[in-house]
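When you line the sequence shown up against my numbering, it's residues 8 to 102, in that order. We put the CB at the ideal spot given by N, CA and C, even for glycine. None of these values were measured; they are calculated from a predicted model.
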Amino acid sequence: MSTDPEKAAPADDDQEANAQLVLMLTTLRAAGPEGLSLARISKRCQLPMSTLRRLLSGLEEAGIVTYTVNEEGRGNAALTEEGKGLADAFGTPAS
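Written out as structure tokens, the structure reads:
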């Protein structure tokens with residue numbers, strides 16, 4: 008029995024998205040309450056800025072992160088209390 012690669016692709020995409028999400032949450036948790044700049048998160052998580060901002064928008068809507076972007080396009084993100092709890096569930100130690 009063979010697996011159709013086109014049918015397997017969504018599951019692979021989901022796994023990659025989940026891995027990116029976990030990495031971003033654990034990176035922010037390790038940063039502490041002040042959070043990190045978007046540039047630093049992008050670099051540490053190896054995410055394009057467009058992907059990072061899309062993920063952060065969804066997480067902000069869910070109440071997991073707060074993030075701001077100034078007029079120059081620079082920004083900062085930090086976990087909310089709910090986000091800290093979620094990151095801790097992944098086994099990330101508090102800093």
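Can you pull the DSSP bridge partners for residue i?
i, result
"Ser44", "Asn83"
"Val29", "Val29 pairs with nothing; no bridge assigned."
"Thr75", "Asn83"
Can you list, in chain order, the residues of its chain with a C-beta nearer than 7 angstroms to that of residue i? Leave out the 5 residues immediately preceding and following it.
i, result
"Glu67", "Thr73 and Tyr74"
Looking at C-alpha atoms only, which residue of the options is the closest neighbour of residue i?
i, options, result
"Glu89", "Ala69, Glu79, Gly39 and Ser57", "Ala69"
"Thr87", "Gly98, Gly42 and Ala26", "Gly42"
"Ile71", "Cys52, Glu23 and Pro40", "Pro40"
Excluding five sequence neighbours on each side, which residues of the same chain lie with their C-beta closer than 6 angstroms to the C-beta of residue i?
i, result
"Thr49", "In the sequence on display, residue 49 carries Ser and not Thr. Result list for Ser49: Met56 and Leu59, in chain order."
"Met8", "Per-residue confidence for Met8 stands at a pLDDT of 48, beneath the threshold of 50, marking its modelled position as unreliable; no derived number is given."
Output the boundary residues of the alpha helix (DSSP H) element that contains residue i.
i, result
"Leu66", "Met56 to Glu68"
Keeping to the same chain, check which residues put their C-beta closer than 8 angstroms to that of residue i; ignore five residues upstream and five downstream.
i, result
"Thr34", "Leu43, Ile48, Arg51 and Cys52"
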